[in-house]
Every structure is written in C-alpha cells, then in structure tokens.
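*Asks:* Okay, handing you the structure first.
Structure representation (structure tokens):
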C-alpha cells in the first residue's frame, strides 16, 4: 500500500478503528456520568424546595404537597430483602445442582431453560401475579388482599433467580477440579466436598451473584407496580409483609407521566430516583469490590 | 504522528461535548406553529386534564370528517385553559368545573363574554364484589370508609370482613375529584386525605380485577369503565336516602350525587369552524363519550 506521510495506510486505518472501539468502550462511563449529572440537576432541587422534615416523613401525598419518601424507601428495601431471602438459597442450590450433581444431559437441558427464564417480560409476570398469585396468597394466608409486599417479593425472587443461578454457577465452575479431587481423596463424601470445599472456595463469586440479583430486584418496576398494591404505608411490623406496600420504582413510574415539568413534585420524583440510583450504585460497587478482591488474591482462576 | 493517547482523549471529549449539546438541544420547543396556510383552519384547544383524552379522541375522529380543520389539544388543567381563553390564546377552553365569578369578571374586563357548552358528563361509580350484601351507602359513609374511620364491612351491616380500599393513582383526574367531592364532600377547609392503607392502582383494569376477585374490596372509577361483573352501589347524599344507582338517566337528571358536567368555553358566541366542531361534539361526538369512561348527554 502507498505510504502517506511516511505511515502506511493500513496502519493508519488500524489506528482509526482501534481508537473508535476504544471511544465506544469508554463512552459507557460517559453515559453513566451524564445520567448521574442529569439526575443531580433534576433531583437536587427537591432537597432545597421541600423541607427535609417533610421529605423524610411517613406521609406520601404528593397532590397535597406531602412528600414523605420514607415509606417508599422502606417499601423498596423490604421487598428486595425478602426477595433475596427467598431467591438466594434457591439460586445457589440450583447452581450447585446444575454444576456439581446433575448428570451432563440434565445440565444441557437445565442451563438453556434457566436462560429462557430470564427472558420473560416483567409485565407478563406482573399480570400473572395479579390474576393468579394474588388470589392464592389472599386465600392461603387470610390477608385482606393478595396485593402485598410478599407477592411482590415472590415475583422479584423469581426474576432474580436466573441472574443468581448463572453467576453462582460460573463461580462454581471456576473452582479447579483439583479441589474436588483432593476433597474426595481425603475420604469426604460428595456432599461434604461440595459444602465444605467447593462452595467456600467460590464464595466471593456467590456473594457477587447475590449482589447482582439484588440490583436486578431493587430496580424492577412493572411487576412490582402491578402486584404490591402501591399503598404508601410505613412497614412497622412483620405483619406489614402481608399488607400492601409502595416502592420507589413504582412511584416514579406511576406519577412521572402526569406530573407538570419543573414542579416540586417533578423534582421530588427525581430526588427519589437519585436515592434509588445511589442505592443500586452502592450495591453494584460492593459487587465489583468483591470481584476485585477475588482477582487480587490471585485465587481461583 | 499524533500520540494515540492524546488523540483518544480528544476524541472522547469531542464525543461527550457533542452528546451533551444534543441533549441540551432536545428540550421541547414551546409553541406549536399556529399559522394557517391556505384553506387549512386551526383551532387551539386547551384545559382540563380530565377532558384531555376525550378531546383528543374527538379531534382524531373529527379529522376524518373535516380534514380541512386542524385542532391542537393540550392539557394543563381547567384554570390554565380558562386563563388562556380569557387572554385570547386559545379558541376553546376545556374545564371540568364551571367558571368562577373571578374568572368571569376577568373575561368581561377583557371584553369577552364566555359561552358555556356542556359537552359530556363525568360520573363516578362505587363498586364492590358481587357477593357483598351492601347495596347502598351515603356520601358520609363513603368518606368514612376512605379516610379509614370505618375498617370493617360489619360496621355497615354487611359481612364481617376487613375493608380493602382501592383508588386510582394520584395523577388521575378522578382521584382529585373523588378526594374533593366525596372524601371532603366539597368543604374547602377540610383537609382529610385518603387513608394510607389505600391501594393505588395504576389502571382501571387493576381496580376491576381486584374488585372481581376480592370480597373485601371497595373501589371507584368512571362509570364508563365499570364492567358487569362488579356490583355498583347506590349512593345517597343524606344518610336516610334516597339512594340512587348511576346510569345515563340519573346522571343526566342530576339525581346521582357523584357526577359533574364537563364544559367547553368559547370567547363569545362561536362561529365558523369552531361552531361546526362544537355542534359535531354535541351530536355525532357523543357516540364515543362512553368508550372513554364518561357519560354522554341525553
């Protein structure tokens, strides 16, 4: 090829493509930063316009200028934590079965099925929850209504399962075969090997599965909005689990569409979004630091 | 040759700047063009958020029979629409309430005599599960139920079950109307609110699904949205009755208490395209009123 300015064309072209790919890669950081700046710009006025004792109160009546966001934050946390209490043992159990116990033909069927699970749209799940799950919960638990925090947590657990299973399975997969061989050679049973050797060796990856599942659950909107009843009441006892609740995501989704641009209510909704963003961001950060620790320990891969 | 690192940095910066500029440029530009070119006439319509969907449906249907008229519809609330009509920036104002004396005075001071057209009626039905023995409630009882003073059906002479309150989301016009005219019963100094236990449903379908399934539930919604598998409760103004079931007749003769007329106002007696449009609304346009959850005029 003809050299231009002493540099062959091919080399220039390569440099161009390389730069392009790199810019695209780094643009993800740019997008996150810009979204954060946008959220700050729209959300921070809420903390200035509304007195903090109104904002951090238990009464959420935005049309009457009562913007108590505590029931919403508590609602999101309750639903997410309960969902994780259900999904984490199930997910890790499934991952252990798929990776360690299931015969290879079962594994080949199960793995794609789990991935299909992740592809079910959340509206479909929400509709299923509203029509099928809610009456079952109302009748079996004797709750006044089936649209409860628990119903939401069940659906969220179901939605977080595929994430937890795949990540936990990858973590188990990364444990070298020699660990299992050593365990079995020491006379341990298969169960003892799994429970005392393989799972502890993969624990940072399993923890990351929990964090990612949690991030999936806390940000979910549609299904939660359809089945939790959306009553902004402060959960005060264990009984509140079987009563309606309102999450941050459902509030934003339900109210943003009709709110006047630039009004106090508008800024408060962005403020709630900002709180949600900070929560999910810290969860993801925790997951990343867990992963980083695994790498720097030089450990298992 | 340019050092790759510096070039990369430049490219990144350029990209971000361009992107930010695009974002900044994306703000919606305020005023739609009002210029009428040739034979095309334009009508500006603005006001009540309750009426906005109905008005849009009317405009879409009207465009099929009168393609030469262009009508733009915006919400913003009854007050906004009326103020714009008084200032002469819109031709028709939508309102879910009658004009106040202050607004009439302001209009007259501006040399405008507003003309009122009742274009549809809005009635709210109170619904319960078909098995619920309750068949009538007074406004005061409904208010006590929704503020959380009455929490069990047995207090109303029905079966012994907790009451589950269903409402539309707070962004719906029905929510505000119900709050002001049923819970507060029209008293402006009353600051009662929905009980915090009220379930806010994002859609009419949410309310009807729960009322169908749940014997504990009570809900309210626009009369046009009520399906036959829900039980509609008769409502009375006084505790002793008479109790009236909502229907096209009882809403039109004003005997059903939770209903209101919806208005359109024009600045002065309308003529030309505006007149034709309003006449169409009051005749052919009434056919689609029911589909949007409102009550057509008799």
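Chains as they are written, first to last, in the working numbering: chain L, 81 to 381; chain Y, 5 to 302. Don't be surprised by glycine CBs; every beta carbon is placed ideally from N, CA and C.
Short check: CB of residue 190 of chain L to CB of residue 182 of chain L, under 9 Å?
*Replies:* yes
*Asks:* Keeping to the same chain, check which residues put their C-beta closer than 8 Å to that of residue 119 of chain L; ignore five residues upstream and five downstream.
*Replies:* 350, 353, 354 and 357
*Asks:* Leaving out the 5 sequence neighbours to the left and right, which residues in its chain are closer than 7 Å to residue 174 of chain Y when beta-carbon positions are compared?
*Replies:* 204
*Asks:* Taking C-alpha atoms, which residue in L:291, L:362 and L:203 lies nearest to residue 305 of chain L?
*Replies:* L:203
*Asks:* Helix, strand or coil for residue 346 of chain L? Go by DSSP, reduced to three states.
*Replies:* helix
*Asks:* Could you tell me whether the Cβ of residue 167 of chain Y comes closer than 9 Å to any Cβ of chain L?
*Replies:* yes
*Asks:* Who are the near neighbours of residue 277 of chain L in its chain, counting only those whose CB is closer than 6 Å to its CB and skipping five residues on each side?
*Replies:* Counting only Cβ-Cβ distances below 6 Å, and skipping sequence neighbours, we find 259 and 263.
*Asks:* I need the DSSP call for residue 151 of chain Y, collapsed to helix, strand or coil.
*Replies:* helix
*Asks:* What three-state label does DSSP hand residue 299 of chain Y in the structure shown?
*Replies:* It is a strand residue.
*Asks:* At least one CB of chain Y closer than 9 Å to the CB of residue 329 of chain L: is that the case?
*Replies:* no
*Asks:* Please tell me whether residue 232 of chain L has its Cβ less than 9 Å away from any Cβ of chain Y.
*Replies:* no
*Asks:* Does residue 140 of chain L come out as helix, strand or coil in the three-state DSSP assignment?
*Replies:* strand
*Asks:* Please report the distance separating the alpha-carbon of residue 49 of chain Y from that of residue 367 of chain L.
*Replies:* 53 Å
*Asks:* Have a look at the DSSP bridge pairing and note the partners of residue 48 of chain Y.
*Replies:* Y:76
*Asks:* Would you mind working out which of Y:214, Y:161 and Y:140 sits nearest residue 224 of chain L, comparing C-alpha positions?
*Replies:* Considering only alpha carbons, the answer is Y:214.
*Asks:* Where does residue 94 of chain Y fall in DSSP's three states?
*Replies:* coil
*Asks:* Is there at least one Cβ from chain L nearer than 9 Å to residue 173 of chain Y's Cβ?
*Replies:* yes
*Asks:* List, in order along the chain, the chain L residues whose C-beta lies closer than 9 Å to that of residue 200 of chain Y?
*Replies:* 138, 139, 140, 141, 151, 311, 312, 313 and 314
*Asks:* Within the 9 Å Cβ cut-off, does residue 224 of chain L reach chain Y?
*Replies:* Residue 224 of chain L counts as touching chain Y.
*Asks:* Near residue 261 of chain Y, which residues of its chain fall below 8 Å by C-beta distance, leaving aside the five closest residues on each side in sequence?
*Replies:* Here the set comprises 143, 239, 240, 241 and 248.
*Asks:* What residues from chain L crowd round residue 206 of chain Y, counting only those whose CB sits closer than 9 Å?
*Replies:* 305, 306, 310, 330, 333 and 334
*Asks:* With a threshold of 9 Å between beta-carbons, can residue 180 of chain Y be considered close to chain L, or not?
*Replies:* Output row for residue 180 of chain Y: interface = yes.
*Asks:* Going by the C-beta, is residue 271 of chain L closer than 8 Å to any heavy atom of the ligand NAD?
*Replies:* Absence of the ligand NAD from the depicted structure is noted, as is the absence of any ligand whatsoever, leaving it without description.
*Asks:* Have a look at Y:244, Y:243 and Y:96 and flag the residue whose alpha-carbon is nearest the alpha-carbon of residue 122 of chain Y.
*Replies:* Y:96
*Asks:* Would you check if the distance between the CB atom of residue 384 of chain L and the CB atom of residue 145 of chain L is smaller than 9 Å?
*Replies:* Past the boundaries of the shown model lies residue 384 of chain L; chain L is included only from 81 to 381, so the question cannot be answered.
*Asks:* Return the CA-CA distance between residue 326 of chain L and residue 344 of chain L, expressed in angstroms with no decimal places.
*Replies:* 20 Å
*Asks:* Compile a chain-ordered list of the residues in the region 219-231 of chain Y whose CB is closer than 8 Å to at least one CB of chain L.
*Replies:* 220 and 221
*Asks:* Is it true that the CB of residue 364 of chain L sits closer than 9 Å to the CB of residue 295 of chain L?
*Replies:* yes
*Asks:* Spatial neighbours of residue 265 of chain Y within its chain, please: CB distance less than 7 Å, with the 5 preceding and 5 following residues excluded, ordered by chain position.
*Replies:* Hits under 7 Å: 122 and 125.
*Asks:* For residue 246 of chain L, count neighbouring C-beta atoms within 10 Å of its own C-beta (all shown protein chains included) and say buried if the count is 16 or more, exposed if not.
*Replies:* Its Cβ being crowded by 16 or more others within 10 Å, residue 246 of chain L is buried.
*Asks:* Note down the Cα distance separating residue 289 of chain L from residue 146 of chain Y, rounded to an integer number of angstroms.
*Replies:* 49 Å
*Asks:* Look up residue 205 of chain Y in the DSSP assignment and give the residues it is bridged to.
*Replies:* Y:172
*Asks:* Would you mind telling me which residues of chain L sit closer than 9 Å to residue 214 of chain Y, beta carbon to beta carbon, in chain order?
*Replies:* Per Cβ cutoff of 9 Å: 210, 214, 225, 226, 227 and 309.
*Asks:* For residue 122 of chain Y, list the residues DSSP reports as bridge partners.
*Replies:* Answer is Y:267, bridged to residue 122 of chain Y.
*Asks:* Do you know whose CA, among Y:118, Y:91 and Y:220, lies nearest residue 103 of chain Y's CA?
*Replies:* Y:118
*Asks:* Distance, Cα to Cα, residue 93 of chain L vs residue 103 of chain L?
*Replies:* 15 Å
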